Amino acid sequence: MKTNRRGFLKMAGLAGAGVMTGCSPSSGSREISAETVTYALDTIRQQAERKYSQTFNMSGYCAPKLDVVRIGFIGVGNRGSAAVERISRIDGVSIVAIGDVQPDKAEAAKKRIKSPGHEATLYTADDEAWMELCRRDDIDLVYIASHWAMHAPMALYAMEQGKHVALEIPAATTVEDCWKLVETSERTKKHCVILENCCYDFFELLTLNMARQGFFGDIVHCEGAYIHDIMESLFEKEKRYDYWRLKENAKRNGSLYPTHGLGPVCQLMNVNRGNKMEYMTSMSSADFMLNKKAKELAGSNDYFTQFVDNPFRGNMNTTCIKTQTGSTIMLQHDVTSPRPYSRIHLVSGTKAFAQKYPLPGKIATGHDGFMSEEEYAKVEKQYTPAIVAKIGDLAKQIGGHGGMDFMMDWRLIDCLRNGLPMDMDVYDAAAWSVIGPLSEWSVANRSAAIDIPDFTCGSWKTNIPHDIELQTGGTTGVLNQDN
Ligand SMILES: NC(=O)c1ccc[n+]([C@@H]2O[C@H](COP(=O)([O-])OP(=O)(O)OC[C@H]3O[C@@H](n4cnc5c(N)ncnc54)[C@H](O)[C@@H]3O)[C@@H](O)[C@H]2O)c1
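When you read off a place in the sequence shown, starting at 1, and then add 1, the result is the number in the numbering used here.
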């Protein structure tokens, strides 16, 4: 059955569900009335309090093994085209389709394929061609790297068409869509994997294994962040499709990109697998930069007039989360202040402490300062998890944010080929992403606390942590580097 796109988007509850325009399926801007804002905030609250009964537990779910994983990519701009290249270096995959509304992007992505035997058909006719790609019956996995507003609609549709999904971050921008991802993944028994690459960075994996082995004792507090000065690029036409990221930052005030900082610490705290996030509060500073810049540019370029006096997000957002075990998380978001890149990645336990940024990563066991290089090297050797020992060096050679991107892709494909549970399942996708809209609600309500939905419906109590020791799997090869 051919589903009309607008009908599908309506069915998926995607129209007007976010606080501002960031959630509209196109990346376009529009005027928003005070009533609409109030309605959207109320919707966030209602959806956060929603009662739901799990129909099937996707945590730990083993889908049938796939000898060869047949993949269709949607959205091959900066990120998606690099993914095409990385995936083409992995054994046991077949890239059968590439979709992008910009034909030149799809063609360029196809040229980045690094191994023979992939007959990728391009889907570029219009902004609905991705649906045709999803309807093919010879695709196992749809890999989505479009702009944020389209992540959930594309993922939902792909799962409805019987495809596993891997989608870029955040998985969704509304609470409602987070629930829909969970419901759909459970009903279709299709994996919905969030592509949180930072969970595969080396220091993050090291500290995860240290936490699992008890090095930190009880985890008291963790911190994470996305502090990345992309100020200039937000206003560059060529940088991203239709200024989508500027539009998100112009209309939504909160922790817009929570998962880089949050994913790794949630894994470390066993969130959704023995622990859960209970409630949170969020505060934003004023916007000190974006409106000023929009006004300045509007003086010479009419295009930017639409952004003048928009309700831009504050420069710095700080969100605090309490978990069921009593530990806390502090999460920050700042994409314009001129300061060094940081995801913080701080772990504070009853026995030890670690902090990644400012680089290099550091470890301490008391108040006298950090370990020496020799002591650090010893700990690193002892606690490096098997996944890093197996694929870490190759991943570094292939690259992608220093290797973590490749390690993530390789693990995704290896799990699908071996019929293993996903490291980052639909509950992680929903829980890590929902912090975005919940922070919008809290910011708009003088930082009042809001409950974080339990997308696992209580199964967090028995779900088991994902495998970083490659107890099973690890059988997928990597193709020659010299291509
Ligand atoms: N994990 C990371 O480290 C990381 C890094 C960068 C970007 N990202 C994420 O990747 C995603 C893409 O970011 P980007 O920088 O590549 O943006 P981009 O604008 O370069 O790419 C988005 C692509 O989606 C395409 N697209 C838009 N609408 C479409 C439609 N209807 N059908 C088909 N294609 C469509 C655009 O033409 C564009 O090529 C975002 O979600 C971003 O957050 C993640």
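Just so you know, even glycine gets a beta-carbon here, dropped at the ideal spot from N, CA and C.
No experiment lies behind these values; they were computed from the predicted model shown.
- Beta-carbon separation (whole angstroms), Pro171 vs Gly437, contact threshold 8 Å: 6 Å
- Message: Is any non-hydrogen atom of ligand 1 found closer than 6 Å to the C-beta of Glu169, if you look at the structure I gave you?
- Response: Judged by the Cβ position, Glu169 qualifies as a neighbour of ligand 1 at the 6 Å threshold, a heavy atom of the ligand being closer than this.
- Message: Using DSSP's beta-bridge definition, name the partner residues of Thr319.
- Response: For Thr319, which the question treats as bridged, DSSP gives the partners Met284 and Gln333.
- Item | Distance between beta carbons of Ile220 and Leu269, contact taken as under 8 Å | Confirmed, about 7 Å.
- Can the beta-carbon of Ala226 be found less than 7 Å from the beta-carbon of Ile414? It is not a contact, given that the beta carbons lie outside the stated cut-off.
- Message: Given 6 Å as the limit, tell me if Asn79 has its C-beta closer than that to any heavy atom belonging to ligand 1.
- Response: In this structure, Asn79 has its beta carbon less than 6 Å from a heavy atom of ligand 1.
- Express the C-alpha separation of Lys277 and Asp455 in angstroms, rounding to a whole number. 7 Å
- Whether Cys179 touches Val479 by CB criterion (7 Å): Cβ atoms of Cys179 and Val479: not closer than 7 Å.
- Query: Hey, how far is the Cα of Thr329 from the Cα of Ser301?
  - Reply: 47 Å
- Query: Just the Cα atoms here: how many angstroms apart are Asp230 and His334?
  - Reply: 10 Å
- Message: Within a Cβ cutoff of 7 Å, which residues of the same chain sit near Lys112, ignoring the five residues on either side of it in sequence?
- Response: none
- Please go through the same chain and pick out, in chain order, the residues whose beta-carbon is closer than 6 Å to the beta-carbon of Ala153, but skip the five residues on each side of it. For Ala153, the CB contacts under 6 Å within the same chain, skipping 5 residues up- and downstream, are Ala173 and Asp178 in chain order.
- Do you know how far the Cα of Met232 is from the Cα of Pro339? 8 Å
- So which of Asp288, Tyr342 and Ala299 has the shortest CA-CA distance to Met317? Asp288
- Message: Run through the DSSP bridge pairs and tell me what Glu197 is partnered with.
- Response: Its beta-bridge partners do not exist; DSSP assigns none.
- Message: Let me check you understand the geometry: is the CB of Asn250 closer than 6 Å to at least one non-hydrogen atom of ligand 1?
- Response: no
- 6 Å Cβ shell around Ala212 - same chain, five flanking residues per side excluded: Leu269
- Have a look at Ile45, Pro466, Lys397 and Ile99 and flag the residue whose alpha-carbon is nearest the alpha-carbon of Trp442. Ile45
- Query: Relative to the alpha-carbon of Pro361, which residue among Ala396, Ala378, Ser283 and Ile145 has its alpha-carbon at the smallest distance?
  - Reply: Ala378
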